[in-house]
Amino acid sequence: MSEPAGKTALKPVYGWLPLVYFVIQVIVGVWLAFWLLYNHQPQTGDDIEHLHSAWLVHEGKIPYIDFFQHHNPLLWYLFSPLAGYFAYDLVLFDVVRIISTVVMFASLYVAALIVKRFMAGNWYAGVLCIASVFPSYVIFSGQDFRPDNYMVLMFMLGLYWFFAYLERRQLRDLVLSFMAMFTAFLFMQKVIFLLAFFAAVFFYQLYVGRISVRDFLKALILPCIGGIVFLAWLLAHDMVGRYWLANYIFNLHIPDVYGGLVEKTKPEFYVVSALALCGCIYSLYRGNIYARIICLLWVFEALQRFFYFSLDRHYYYQLQIFNGMLAGTFAWEIIKKWRIAAYVFAVLSLSGCLVFRNYCLENRLKPYYHRYVTPKYVLEQTNRCDVVINGYGLTYGIFSKDVTYYWNLNGQLDVIGSKIGLAPLPDLNGAVQKYLPRIIYTGPYWNERLRKKHIDVPVHWIDKKLRDKYYNQSAFVDIFILKPEYQAQRRCRYNVETGSWDYYYKENYNKEETVGR
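When we follow the numbering used here, the leftmost residue of the sequence shown carries the number 1060, and every step to the right adds one.
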């Protein structure tokens, strides 16, 4: 007996309704991302750190030598022209965060493409991959301007082209894969952990004959040339040792400050992680080689995140993308067998979105005056010759010269750096007397490692006599501005010989002596 016409007509609708929901969820997530950018999206300390570093590079400063940094340098050099173009205009915040948001979308798209082309063979699974983790509090850390997010995109592209090589054995794919992986390293050195594990997988594939030795050697040429150029740059500035200390030894000491902290995540993260675990088990037993490689990378990344230092949500960004890939693939396999399961996954996905909504209202829209209002105030009060002294967690001199090598998070970064022999602790009082900074922070700079143990020991503080002699209280607590009578004694002028803006005191207006360099 044939089925009633009405029932037959409803079948496609019944089967595709969950997919329609998942697509709508992704579209709403895209809208929400830009809504957050437009509506009071707070800047993070990382945004300010890397914007200032990009601006310093534009001004001709060399990282690790002229100013402190503990990441690889590609992000600052890549964005230095943009930082120069928008210098002294805080619209730069919005520009780089829009670019970072596009990079976040691109990372998710590449993940979905891998799922569709290599793991599940269906766009439904690709949509599930994105919908299972987007929007979520971890993924939205991709909007922040930090090298981690750009590193993840390049690593995902490297995976995509590596899988493409395994599928069709074309040298071009392997070359692109190696170059993407190398570029990921230039953005962020911590990718070496994933690259080391990926290398083990790669050499196993080489051993069993899935990769041509000749193709492998040819694909190494461009990354080797890039590595030689990078090493030559370090040698040219005589900073190989300093680079090693700042980017590797220094970062190994950061967990000491926070006591091996592992970020407490939201329920939505554990739900998708549980689905990813099911997907990993399924992939090991029933999946193809691509799904198994993703599963192994997921295990390796999860072990790092849950059992090693993970300070904030962006540490879980790569893991959450792996979560989505495995969860989406597993959900698709279940839906193929039991169509009603699509509705169960839709309910779980909607629940995650509701959890994220509460987090968004509580955290992402919270005003952070020291991350936007104070930089705006400092920008209005300073000129191109001025130097500032930032407070701990108050990096407001985005387009201002620094008076010391360690220019942010004093009490933490400088303590670690001096301990490992990178550079001595700064003399802030000496810097005040020498440069007369336009803006200073007068609160104590606590030893953050001891403070986590509830022991308050100041590392730096501005002498009260110096503060009272030269400075007036600003509109912000612990932020002081140079008194007008001292500011009136000097004039800002462009130095054609040095190519920099320098202060000249009145008695030296027609001489070459400058201050505040």
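Glycine included, every Cβ here is placed at the ideal spot set by N, Cα and C.
Contact annotation: residue 1457 and residue 1110 have beta-carbon atoms nearer than 9 Å. Remark: C-beta atoms of residue 1309 and residue 1129 approach each other more closely than 9 Å. In the structure shown, residue 1519 falls within a strand segment according to DSSP collapsed to helix, strand and coil. For residue 1270, the three-state secondary structure derived from DSSP is coil. In the displayed model, residue 1450 falls within a strand according to three-state DSSP. Cβ neighbours of residue 1549 within its own chain (closer than 6 Å, five residues either side excluded): 1562, 1564. Taking C-alpha positions only, residue 1527 is separated from residue 1289 by approximately 48 Å. Here residue 1185 really is in contact with residue 1172; their C-beta atoms are around 7 Å apart, less than 8 Å.
Counting C-beta pairs with one atom in each stretch, the stretch 1201-1211 and the stretch 1230-1247 have three or more that are closer than 8 Å, which means they touch. Of the residues assessed, residue 1108 falls on the buried side of the cut-off, its CB having 16 or more other CB atoms within 10 angstroms.
In its chain, beyond the 5 residues on either side, 1236, 1239, 1240, 1243 have a beta carbon closer than 7 Å to the beta carbon of residue 1217. In this structure, residue 1156 and residue 1096 form a Cβ contact; the two beta carbons are roughly 6 Å apart against a cut-off of 8 Å. Contact between the stretch 1147-1167 and the stretch 1193-1201 is present: three or more C-beta pairs spanning the two stretches fall below 8 Å. Per DSSP, the unbroken beta strand (DSSP E) holding residue 1539 starts and ends at 1538-1541. The bridge partners DSSP lists for residue 1460 are 1446.
Taking the C-beta atoms as reference points, residue 1127 is found no nearer than 9 Å to residue 1375.
For the stretch 1123-1186, there is no continuous beta strand (DSSP E) assignment of 3+ residues that stays within its boundaries.
Rounded to the nearest angstrom, the Cβ distance from residue 1522 to residue 1488 is 5 Å, consistent with a contact under 8 Å. Linking residue 1443 to residue 1176 through their CA atoms gives a straight-line distance of about 52 Å. Exclusion of the five residues before and after residue 1380 leaves 1170 as the residues of its chain whose Cβ lies within less than 6 Å of its Cβ. Within the DSSP secondary-structure output, residue 1393 pairs in no beta bridge. Across the structure, residue 1079 and residue 1391 are spaced so that their CA atoms are roughly 15 Å apart.
Within the same chain, 1175 come within 6 Å of residue 1182 by CB-CB distance, once the 5 residues on both sides are set aside. If you draw a straight line from the Cα of residue 1292 to the Cα of residue 1230, it comes to about 29 Å.
Here residue 1089 has 1164 as same chain residues with Cβ atoms under 8 Å from its own Cβ, once five neighbours each way along the sequence are excluded. Considering only 1395, 1253, 1190, the residue with the shortest C-alpha distance to residue 1211 is 1253.
Note on geometry: alpha-carbon atoms of residue 1437 and residue 1498 lie some 7 Å from one another. Taken through DSSP and simplified to helix, strand or coil, residue 1196 comes out as coil. Nearest Cα to residue 1446 within the set 1469, 1269, 1490: 1490. Here residue 1387 is near residue 1190, since their CB atoms are less than 9 Å apart.
Separation of the CB atoms of residue 1401 and residue 1077 is rounded to 4 Å, and the pair is thereby assigned contact status at 8 Å. Per the coordinates, the alpha-carbon of residue 1316 lies some 37 Å from the alpha-carbon of residue 1144. When beta bridges are read from the DSSP output, residue 1531 appears opposite 1540. Setting aside the 5 residues that flank it on each side, residue 1506 is surrounded in the same chain by 1470, 1474, 1516, 1518, each with a C-beta closer than 7 Å to its C-beta; the list follows chain order.
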